[in-house]
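According to numbering that gives the first Met the number 0, the residues represented by the sequence shown are 0 to 343, in order. All C-beta atoms in this analysis are idealised placements derived from N, C-alpha and C, irrespective of residue type, glycine included.
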Amino acid sequence: MKINFLTKSIDQNDFASRTAVVAMIAAATGAVVFILWQLTDLLPAVFATILIALAWRGVAERVSRLLGLSQGVSLAMVALGSLVAVVVALMLFGGQLVRQYDEVALDIPAAIAMLERLVEEHPWGRFVEKFVVHVDFSKMTTPVAQQFGALLGSVGSGLGYGIFTIIGAAYLAADPGRYAAGVIALAPASRRADMALFLDRSGAVLRQWLFIQLYVVAMNALFAGAALWAFGVPAPLALATISGALAFVPYFGSIIAMIIGVLVALPHGLDNAALAALAIGSASFVEGYLITPYLQSRSLMVPPVVLLFCMLAFASLFGTMGVVLAVPATVVLAVAYGVFAENR
């Protein structure tokens, strides 16, 4: 009987200790999830830092091979060259770009107000406003204008994150092996080889994706800008930069760029709106059906359905930056699944 009581006591103690361990693990997991949730604005900046560091490192390696320079000198040349290019571009086009963005900020609410009047004057517009619950076209303009103003106002905070992103990318590109070793050390000993393989593959795929995407963005912006300028559409430089930036967003980016272009041109006449749609639509067609498929023919392809739902998920979690970074993040997840599922 004593042995039975002693065994029972030992079992109870063991159960209590295991319960305490499980509770501590659950609490730690919950704390990590809560912290990550609070840092949703920071996580896209961290991912952008990694992308910039990969780009700088990749270009620096090519410069080092071509000129026979050390990695450090090549990286410094690339970073300074990037900074000089941005400064020169701002000096040449900054004032004109700011004026055109001001014009865009004024034209979009004016176009929405024009559409509102057209809808209210049409019989079906009055029918919808009368019989559909909570539909009032007279209240549409102000919220949209406020949303656009808030979007422009967020540029300031974006610049703040951008400064820290550039600084972090410089440190990461200067010594990537140190940070990779730290990440590998966090993995269990039995999975460190897989973690190293994952970092190598994801780095190569992300670098390839980024170079392709930057080329696509540049071609889209140049083609759209040239067409908008040739057609005489207002604010061609601003609309070209918007169209190029939205090329980062698959499926929806070209549609959003076309809508913005039409809204900006609409107050200046229906012919301008049609020409804006033609210019941006042509640029998106060339980019989407000719340039991108050719460049991505040898890269990692993610199934469209997976990419679509990942974009929606990242948009819900991280907002606008989540949409922009959804594709590279999905590529990283696909690489992780391939590495860890193959070597499970």
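On the criterion of 16 or more Cβ atoms from any shown chain inside 10 Å, does residue i qualify as buried, or is it exposed?
i      : result
Arg98  : exposed
Arg61  : exposed
Glu120 : exposed
Gln95  : exposed
Met90  : exposed
Ala325 : buried
Ala78  : buried
Ser315 : exposed
Thr164 : buried
Ser69  : exposed
Met310 : buried
Gly57  : buried
Ile279 : buried
Val86  : exposed
Met218 : buried
Ser283 : buried
Leu41  : exposed
Ala264 : buried
Ala26  : exposed
Ala19  : exposed
Phe313 : buried
Phe46  : buried
Ala59  : buried
Who are the near neighbours of residue i in its chain, counting only those whose CB is closer than 7 Å to its CB and skipping five residues on each side?
i      : result
Gly224 : Pro235, Leu236, Ala239
Leu344 : No information on residue 344 is available, as it lies outside the stretch 0 to 343 that the chain covers here.
Gln212 : Phe247
His267 : Pro233
Got a sec? Which residues, its chain only, sit under 6 Å from residue i by beta carbon, not counting five neighbours each side?
i      : result
Ala340 : none
Leu262 : Ile107, Ala110
Met194 : Ile183, Ala186
Tyr100 : Ala237
Ala144 : Residue confidence for Ala144 is low, a pLDDT of 47 falling below 50, so the modelled location carries little weight and cannot support an answer.
Leu306 : Thr329
Could you check how far apart the C-beta atoms of residue i and residue j are, in whole angstroms? I think they sit under 8 Å.
i      : j      : result
Leu245 : Ala229 : Not a contact, Cβ separation roughly 21 Å.
Val304 : Val248 : Actually they are not in contact, since the Cβ atoms of Val304 and Val248 sit about 17 Å apart, beyond 8 Å.
Ala220 : Ser253 : The pair is not a contact, with the Cβ atoms about 13 Å apart (cut-off 8 Å).
Pro233 : Asn271 : 7 Å
Ala168 : Thr319 : Their Cβ separation, rounded to whole angstroms, is 20 Å, which puts Ala168 and Thr319 out of contact at 8 Å.
Val285 : Phe222 : 6 Å
Gly260 : Ala273 : That pair is no contact at about 11 Å.
Ala226 : Ser281 : 6 Å
Pro43  : Phe308 : Pro43 to Phe308, Cβ: 18 Å. No contact.
Tell me which residues share the same chain as residue i and place their Cβ nearer than 8 Å to its Cβ, disregarding the 5 neighbours each side in the sequence.
i      : result
Leu66  : Ser73
Ser81  : Trp55
Leu277 : Ala226, Phe230
Glu102 : Pro233, Ala234, Ala237, Val263
Leu114 : Leu265
Ala75  : none
Exercise. Just checking, does the stretch 325 to 338 make contact with the stretch 200 to 208 on the three C-beta pairs under 8 Å criterion?
Worked result: yes
Exercise. Should the stretch 48 to 57 be regarded as contacting the stretch 161 to 177, the criterion being three or more beta carbon pairs within less than 8 Å?
Worked result: yes
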